[in-house]
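Numbering (the working numbering), first residue to last: 785 to 913.
Yeah, the Cβ is synthetic: ideal placement off N, Cα and C, and Gly gets one too.
No experiment lies behind these values; they were computed from the predicted model shown.
Following this line, the structure appears as structure tokens:
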């Protein structure tokens with residue numbers, strides 16, 4: 785799981801659960817970027833529900849469609865939310881292949897080069913957001 789770009793969210797409300805905080809951050813991400821996030825890194829203490837300064841065992845949790853993982857570089861009460869690069873690249877390449885199949889065109893070397901260029905362009909656009 786990797787993420788180069790995302791939205792940094794702050795929520796120190798003691799009455800909200802970790803899942804509620806992540807879902808609120810995901811809602812803001814969707815409004816801002818018009819796409820569904822699937823990965824969120826949080827401070828390890830928040831991930832485990834322990835007081836700040838104690839470490840947990842690092843298991844994965846989910847809030848809706850968002851996978852929650854501990855991030856040792858994340859400050860307490862902060863949430864770094866976005867799209868996992870690996871799953872995003874697979875989805876983009878899969879959608880290009882599906883489009884070619886739907887067009888019913890024969891795969892030629894020229895068409896393959898065009899698809900690669902489209903995929904690379906889509907990845908560059910995602911990296912900028």
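Legend entry - residue 846 versus 866, 806 and 863, residue with shortest Cα-Cα distance: 806
Inset, instruction - For residue 893, count neighbouring Cβ atoms within 10 angstroms of its own Cβ and tell me buried if that reaches 16, exposed if not. - result: exposed
Legend entry - Same chain only: Cβ atoms within 8 Å of residue 827, ignoring 5 sequence neighbours per side: 836, 854, 855, 858, 859, 860, 861 and 862
Legend entry - DSSP three-state assignment for residue 788, whether helix, strand or coil: coil
Inset, instruction - May I have the straight-line CA-CA distance separating residue 813 from residue 791, to the nearest angstrom? - result: 7 Å
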